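Heads up: the sequence lines are chains A and B, in that order.
With my numbering, the residue at position 52 of the first sequence is 57, and numbering never jumps.
With my numbering, the residue at position 243 of the second sequence is 248, and numbering never jumps.
Here the structure comes first, spelled out in structure tokens, and everything after it is commentary.
Protein chains: 2
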Amino acid sequence: MNKEVLIQVHNRIKPFIHKTPVLASHLLDEISGVNLYFKCENFQKMGAFKMRGATNAILCLSEEERHKGVVTHSSGNFAQALSLAAKQLGVKAFIVMPENAPQVKKDAVKGYQGIIIECESTPIAREEMAEKVRLEKGATFIHPSNDDNVIHGQGTAAMELLEEQPNLDYICSPVGGGGLIAGTALAAKYFSNTCKVIGGEPYNVDDAYRSLKSGKIEFNETTDTIADGLRTFLGDRNFPIIKAHVHEIIRVEEREIIQAMKLIWERMKIVIEPSSAVAFAAVLREKEQFKQKNIGVIISGGNVDVNNLPFNHKEMLMV
Amino acid sequence: MNKEVLIQVHNRIKPFIHKTPVLASHLLDEISGVNLYFKCENFQKMGAFKMRGATNAILCLSEEERHKGVVTHSSGNFAQALSLAAKQLGVKAFIVMPENAPQVKKDAVKGYQGIIIECESTPIAREEMAEKVRLEKGATFIHPSNDDNVIHGQGTAAMELLEEQPNLDYICSPVGGGGLIAGTALAAKYFSNTCKVIGGEPYNVDDAYRSLKSGKIEFNETTDTIADGLRTFLGDRNFPIIKAHVHEIIRVEEREIIQAMKLIWERMKIVIEPSSAVAFAAVLREKEQFKQKNIGVIISGGNVDVNNLPFNHKEMLMV
């Protein structure tokens, strides 16, 4: 693996994704004492960076494999991303979702012509169902975060960011399943000599933080965080990259996530999802450490249910 | 008045304002059947187009006048705009606000170093108080919308929009006090041969619609609209321009305003205020009439109280 691989990946997916803008905000720079550069993947197709990895994974398949379709298990952004990427490339996408997934998420997948296959709401049930679909349909299984092609696709966001802002001291990304931060770490390694990669993670699901401490993949005992994209755990493809190339993981409280999200909504006037706010919350929490540094922050997505926003839950802000 | 005047105004205010982006959305084009170009003044300094007019009005003052300060009455975006424009230019801004104005609005003005002067909550009380400040301090009164320099400043948004998208068939702007739509009408007249200007206005405060019908300035009997920036009425400086150069005013229901706002938040991932959504709601309401046309929509601002959003008021969407 070298920088040429990422350049190839970027060239491959470019016609199918948006080159998202990098935004700055004097107000947020003032508040934080940091020079912030937000890579706005909330403006990506289907509203999240996952579009990059999903597109690359499908483009890496043979004609025959494409003909048989792809399958994944996800109730989040990857379900939508794989559906839309598949639709754009004329491929069938089978999406295994728990039967109790919110209707709004099922509708989004259907909107992108993903074929929903319901299963019980346990991790084992969804893995078994995905395996069943794989065998029955001959579809290729694509994991939302623990897949080399997915990881490389996600890395193109940081690659574009460094192209536009080569003097970054740090890039901070949220950590969920590990695909985004692993890809980001590879991009920083290949396209900068000095840029360090840090992760933001909710205290309540700090499996990646603990995994880096212990040296092996740790799991969460709860999924109790507003950052619903970050409830998953690392995998054997992305953890070695994270272990080798991620400088630090900073944990944040739920209250800090909501405050960071509110700051970005109010000051930058852009809609971001709670998982995205985790990276900015991490920078804010450690702002003394980052004073006057140039920090890229990956805004991972903007898919929120506007009927159900956290801002008026005053009790959450009072903690 | 000719196009040179607007070019001079633009050159004058340029160092003190943002050149805001023009955004497009395939999804919203598909939904509406129209080619939409959104001029995003929600990304303007202090979050609204009012920054343009306020800055121009202050820059048109003599050194002596600037030394004595400016005064206005407003509890909305113009209060913040005049405060920030004055701060940027080292001028004092006296802002007359009703004593019962929301604390969040008072805080915003104070944040920009505006000097708040409270008065009773009636139109007469605020005019009297502004006049008192004008006499006592020697400050120049600047009306939020019925002032030639303010109107010309607001017109620079449409001027930038037409520079970037010269082939617009229409520009649609919200109509409140009339400053924005009058400036927009002038810009369209001077910088396009074909572009017509239309206005969007809530049914509940349709004074401008009725004024165009009757040929004289009409008033509202209620202020009962979610589009809180549009509760005001026209004035003798802007109404003649509107009468001469505005093609049509389209009225929209409250429900349509909220739906348009929700569409833009969810699909474009940008935060806009209800008054801004009125222009898009007007285009959607008459989409058959605008089929395949190129329409510029002025997103006038993005200052919302995220603790108090309309989306979960289901009853409003059910009307």
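Beta carbons are placed, not taken as given, at the ideal position from N, Cα and C, and that holds for glycine.
As the structure is a computational prediction, the values presented were derived from the model and not from experiment.
Let me make sure I understand the geometry here. Which of the options has the alpha-carbon closest to that of residue i?
i: Glu132 of chain B; options: B:Asn154, B:Val101 and B:Ser150; result: B:Val101
i: Thr211 of chain A; options: A:Gly182, A:Ala98, A:Gln13 and A:Lys201; result: For the sequence presented, residue 211 of chain A should be read as Asp rather than Thr. Considering only alpha carbons, the answer is A:Gly182.
i: His157 of chain B; options: B:Lys292, B:Glu46 and B:Ile246; result: B:Ile246
i: Asn313 of chain A; options: B:Lys267, B:Leu191 and B:Glu46; result: B:Lys267
i: Arg57 of chain B; options: B:Ser67, B:Asn198, B:Ala84 and B:Glu68; result: B:Ala84
i: Arg272 of chain A; options: B:Glu68, B:Val309, B:Asn105 and B:Leu185; result: B:Val309
i: Ser150 of chain A; options: A:Ile36, A:Phe54 and A:Pro26; result: A:Phe54
i: Leu28 of chain B; options: B:Ser216, B:Ile269 and B:Lys218; result: B:Ile269
i: Val251 of chain B; options: B:Gly119, B:Cys200, B:Lys92 and B:Lys274; result: B:Cys200
i: Lys122 of chain A; options: A:Asp112, A:Lys110, A:Pro128 and A:Ala135; result: Looking at the sequence itself, residue 122 of chain A is Ile, so the reference to Lys does not match. For the residues A:Asp112, A:Lys110, A:Pro128 and A:Ala135, the minimum Cα distance to Ile122 of chain A belongs to A:Ala135.
i: Ile186 of chain B; options: B:Gly240, B:Gly74, B:Gly116 and B:Glu258; result: B:Gly240
i: Ala98 of chain B; options: B:Gln118, B:Ala193 and B:Leu140; result: B:Gln118
i: Leu235 of chain A; options: A:Gly81, A:Gln108 and A:Leu94; result: A:Gly81
i: Ile120 of chain A; options: A:Leu140, A:Asp152, A:Pro107 and A:Leu87; result: A:Leu87
i: Glu278 of chain A; options: A:Lys292, A:Asp233, A:Gly188 and A:Gly307; result: A:Gly307
i: Thr145 of chain B; options: B:Gln297, B:Leu64, B:Glu125 and B:Asp112; result: B:Leu64
i: Asp34 of chain B; options: B:Ser305, B:Glu259, B:Pro315 and B:Lys292; result: B:Lys292
i: Ser3 of chain B; options: B:Pro26, B:Lys248, B:Asp229 and B:Glu259; result: With chain B running from 6 to 324 in the structure shown, residue 3 of chain B is simply not present.
i: Val202 of chain B; options: B:Tyr208, B:Thr25 and B:Lys194; result: B:Lys194
i: Asn198 of chain B; options: B:Asn172, B:Tyr208 and B:Ser216; result: B:Asn172
i: Thr25 of chain A; options: B:Gln297, B:Lys137, B:Lys274 and B:Thr77; result: B:Lys274
i: Arg206 of chain A; options: A:Val311, A:Val96 and A:Glu258; result: In the sequence under discussion, the amino acid at residue 206 of chain A is Glu, which differs from the Arg named in the question. Looking at the Cα atoms, A:Glu258 is the closest of the given residues.
i: Val138 of chain A; options: A:Arg242, A:Thr77, A:Asn243 and A:Thr230; result: A:Thr77
i: Arg242 of chain A; options: A:Gly184, A:Gln108 and A:Leu66; result: A:Gly184
i: Phe376 of chain A; options: A:Ser305, A:Val276, A:Ile255 and A:Val311; result: Outside the shown range of chain A, which is 6 to 324, sits residue 376 of chain A, and nothing can be said about it.
i: Glu253 of chain B; options: B:Gly204, B:Phe316 and B:Leu140; result: B:Gly204
i: Ser79 of chain A; options: A:Pro103, A:Leu66 and A:Arg215; result: A:Pro103
i: Val10 of chain B; options: B:Thr228, B:Asn209 and B:Ala192; result: B:Ala192
i: Leu66 of chain A; options: A:Pro107, A:Asp152, A:Gly116 and A:Ser305; result: A:Asp152
i: Ala190 of chain B; options: B:Phe244, B:Ser30 and B:Pro107; result: B:Phe244
Spell out the partners DSSP gives residue i in its beta bridges.
i: Glu253 of chain B; result: B:Ile203
i: Ala53 of chain A; result: A:Gly306
i: Pro315 of chain B; result: Its beta-bridge partners do not exist; DSSP assigns none.
i: Leu173 of chain A; result: Leu173 of chain A is not bridged to any residue.
i: Gly301 of chain B; result: B:Tyr42 and B:Ile176
i: Pro103 of chain A; result: A:Cys124
i: His78 of chain A; result: A:Val101
i: Leu28 of chain B; result: B:Phe43
i: Phe146 of chain B; result: B:Val76
i: Ile275 of chain A; result: B:Ile275
Please check the pair residue i and residue j, which I expect to be a contact at CB under 8 angstroms, by giving their CB distance rounded to whole angstroms.
i: Lys142 of chain A; j: Lys73 of chain A; result: 6 angstroms
i: Ile129 of chain A; j: Val75 of chain A; result: Incorrect: roughly 21 angstroms between the Cβ atoms, too far for contact.
i: Asn61 of chain A; j: Asn154 of chain A; result: 5 angstroms
i: Ala90 of chain A; j: Ala113 of chain A; result: Ala90 of chain A to Ala113 of chain A, Cβ: 14 angstroms. No contact.
i: Val311 of chain A; j: Phe316 of chain B; result: 5 angstroms
i: Asn209 of chain B; j: Asp233 of chain B; result: Incorrect: roughly 12 angstroms between the Cβ atoms, too far for contact.
i: Glu46 of chain B; j: Ser305 of chain B; result: 5 angstroms
i: Val276 of chain B; j: Val276 of chain A; result: 6 angstroms
Return yes when at least one heavy atom of the ligand SAH lies under 7 angstroms from the C-beta of residue i, else no.
i: Ala163 of chain B; result: As presented, the structure is devoid of all ligands, the ligand SAH included, so that no description of it is given.
Contact between the segment 271-289 of chain A and the segment 166-182 of chain A is defined here as three or more beta-carbon pairs at a separation below 8 angstroms; is this criterion met?
yes
With three or more C-beta pairs closer than 8 angstroms as the rule, is the segment 21-40 of chain B touching the segment 49-56 of chain B?
yes
With three or more beta-carbon pairs closer than 8 angstroms as the criterion, would you say the segment 294-312 of chain A touches the segment 30-50 of chain A?
yes
Sufficient close CB pairs (3 or more, under 8 angstroms) joining the segment 154-172 of chain A to the segment 7-19 of chain A
yes
Measuring CB atoms only, is the segment 214-229 of chain A touching the segment 166-174 of chain A, in the sense that at least three cross pairs come out at less than 8 angstroms?
no
At a cut of 8 angstroms, does the segment 260-267 of chain A reach the segment 275-286 of chain A through at least three beta carbon pairs?
yes
What residues from the segment 259-274 of chain B come within 7 angstroms of chain A, judged by C-beta to C-beta, listed N to C?
Lys267, Trp270, Glu271 and Lys274
Return the residues of the segment 97-124 of chain A that lie within a Cβ-Cβ distance of less than 9 angstroms from chain B, sorted by chain order.
none
Near-chain B residues of the segment 37-54 of chain A (beta-carbon distance less than 7 angstroms), N- to C-terminal order:
Asn47, Phe48 and Gly52
Could you list the residues in the segment 230-253 of chain B with a C-beta less than 7 angstroms from some C-beta on chain A, going in chain order?
none
Chain B contacts made by the segment 282-312 of chain A, where a contact means CB separation under 7 angstroms
Gly307, Val311 and Asn312
If you measure beta-carbon to beta-carbon, which residues of the segment 10-38 of chain A are closer than 7 angstroms to chain B?
none
For the segment 177-209 of chain A, enumerate the residues whose C-beta is nearer than 9 angstroms to any C-beta of chain B, in chain order.
none
Quick one, which residues of the segment 150-166 of chain B are near chain A if we go by CB-CB under 8 angstroms, in chain order?
none
Using a Cβ-Cβ cutoff of 9 angstroms, what residues of the segment 72-91 of chain B are near chain A? List them in chain order.
none
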